[in-house]
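What follows is a single structure, written as structure tokens, with notes after it.
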Amino acid sequence: MTIIQIAVLFVIFLAVFGAAWMVMARLSGGGVQTRLQQVNGNLMGTRERSSGSRWTSALAKRLSPLARLSAGDKVEDHSPLRLRFMNAGLRDPNTPVLFFAAKTGFALCFPALTWLALTFSHTLLTSNGRLFYLLVAAAIGYYLPNVVLDKMIKWRQREIFESFPDALDLLTVCVEAGLAIDAALMRVAAEIHLGSRVLAEELHLVTLELRAGLAKDRALRNLAMRTGVEDVDALVAMLIQAERFGTSIADSLRIQSDQLRTRRRQRAEEAAAKIALKLLFPLIFFIFPSLLVVLMGPAFIQITRVLLPGMTGVAN
């Protein structure tokens, strides 16, 4: 038996073992707790959330040795990375462990798959060439979770930015109707849920913090920190200053809403102005060569048919 066949059998064994382990963990884990919750009459949503958290905790516990290969012993002490997780909406305490475990797992799996692909394709590469491809695959696997996290943060911040002026208009209407800022935030969180679930969830967290007794300025600063959006930070600073100096919150909200809509319109105009420059490169490299071949191709063929025999005759 060759080493390639041994490697294939080892990969198949790992896949079957992992699938069987997941099925057995699913069937055996949490049965007693689920029955006790049903006897106590808990809600179905609470059971689902607790089951999901148990699954995440169990998975993080099993993958913690793999995560330590990337983050060391202090996996949970990466505070800048925790802020990025909050900006992406990942609030589970086991997220850092799963993140670093994914980095280590991808950094090991991608080179293995690359080696199998190079072996079965029978490419004529030297040992240095194979090593280069393996290192590139390891680097891609190691930095792939960072790229996915950045995409999640940008998508979430863009959704908050696009729906924030509408929420600010609703907040202005609620405050002008006589509601306090706490009740207005609660009302806006309930109404904006159909338009933006992300922003509604963030505003709902603010109301929960206020109910728990947290200071209003602290709860608003937490909102700006969780979202990471400049406009939300500006609104939080404005609300804190308006409450501290006793100015009209409704007038401040109206001015802030106008500024946000102006900024959103300016960003749309900026994106529209960049279209001509972005279309220039596809025109030059893809469309113009095709048009040149279609328009000038028959002329070049005719020229070669007419001039080439004469040129060869003169040469003779």
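Mapping of the sequence shown onto the numbering used here: residues 1012 to 1327, in sequence order. Every residue gets a Cβ at the ideal spot worked out from N, C-alpha and C, and that includes glycine.
Between the CA atoms of residue j and residue i - distance to the nearest angstrom
i, j, result
"Gly1116", "Ala1211", "35 Å"
"Ile1023", "Arg1093", "36 Å"
"Leu1288", "Ser1174", "28 Å"
"Arg1169", "Gly1308", "47 Å"
"Ser1061", "Arg1102", "Because Ser1061 carries a pLDDT of 49, less than 50, the predicted location of this residue cannot be relied on, and the following value inherits that uncertainty. Roughly 15 Å between the two C-alpha positions."
"Thr1134", "Val1147", "17 Å"
"Pro1122", "Ala1282", "39 Å"
"Leu1214", "Arg1275", "21 Å"
"Ala1112", "Leu1070", "10 Å"
"Thr1315", "Tyr1153", "55 Å"
"Pro1091", "Arg1265", "34 Å"
"Ile1260", "Asp1269", "14 Å"
"Met1249", "Glu1202", "23 Å"
"Ser1263", "Phe1172", "19 Å"
"Leu1129", "Arg1141", "8 Å"
"Leu1155", "Ala1099", "16 Å"
"Ala1253", "Arg1198", "20 Å"
"Pro1293", "Ile1286", "11 Å"
Residues near residue i by beta carbon distance below 7 Å, same chain, minus five either side
i, result
"Arg1272", "Pro1176"
"Glu1220", "Ala1230 and Asn1233"
"Arg1095", "Leu1160 and Ile1164"
Beta-carbon contacts of residue i that lie in its chain and below 6 Å, excluding the five residues immediately before and after
i, result
"Met1097", "Arg1237"
"Arg1073", "none"
Endpoints, the alpha helix (DSSP H) within which residue i is located
i, result
"Ser1010", "Outside the shown range of the chain (1012 to 1327) lies residue 1010, about which nothing can therefore be said."
"His975", "There is no way to answer for residue 975, as the model of the chain reaches only from 1012 to 1327."
"Thr1106", "Thr1106 to Ser1132"
"Arg1198", "Ile1192 to Glu1202"
Cβ-based neighbour list, residue i, same chain, cut-off 8 Å, excluding 5 preceding and 5 following
i, result
"His1204", "Ala1211"
"Asp1193", "Thr1218, Leu1221 and Lys1227"
is_contact[residue i, chain C] using C-beta, thresh 7 Å
i, result
"Glu1281", "Of the protein chains in the structure, only one exists, and it is not chain C."
Notebook entry, point to check: Of all the alpha helix (DSSP H) runs that stay within the bounds of the segment 1234-1308, which reach a length of 4 or more residues?
Noted result: Correct list: 1241-1256, 1260-1284 and 1286-1293.
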